[in-house]
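J.:
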Amino acid sequence: MQRRQFLTSAAIAATLFAVTPSFAGDTAQSVVDAYVAAWNAHDSAKAAGYFADDVTYY
58 MQRRQFLTSA
68 AIAATLFAVT
78 PSFAGDTAQS
88 VVDAYVAAWN
98 AHDSAKAAGY
108 FADDVTYY
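In the working numbering, the protein residues as written are 58 to 115.
#1: Measure how close the beta-carbons of residue 115 and residue 104 come, nearest whole angstrom, since I'm counting them as under 8 angstroms.
#2: Assign residue 90 to one of three DSSP states: helix, strand, or coil.
#3: Can you tell me whether residue 109 is helix, strand or coil according to DSSP?
#4: What did DSSP end up calling residue 102 once you bin it into helix, strand or coil?
#5: Note down, in chain order, each residue of its chain lying with its Cβ closer than 7 angstroms to the Cβ of residue 47, except the 5 sequence neighbours on either side.
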């Protein structure tokens, strides 16, 4: 029973790590365009989503 539980857990973990990031397929230009569009729309939450959690914005 423990082996089956381990294999199930390993399969679930492998699936989670196989998921690609949301920007992985995007080109650099499309990411910049999306950020600028969010900035121009005054959508601060969406614009902030393009930054790392520890960003310092000057």
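Positions of the beta carbon are idealized from the N, C-alpha and C atoms, including for glycine.
T.: Let me spell this out:
#1: In fact, because the Cβ distance is near 15 angstroms, the residues do not count as touching under 8 angstroms.
#2: In the structure shown, residue 90 sits in a helix (DSSP, three-state: H, G or I).
#3: The answer is coil: DSSP assigns residue 109 none of H, G, I, E or B.
#4: Three-state DSSP puts residue 102 in a helix.
#5: Absent from the structure is residue 47, since the part of the chain shown begins at 58 and ends at 115.
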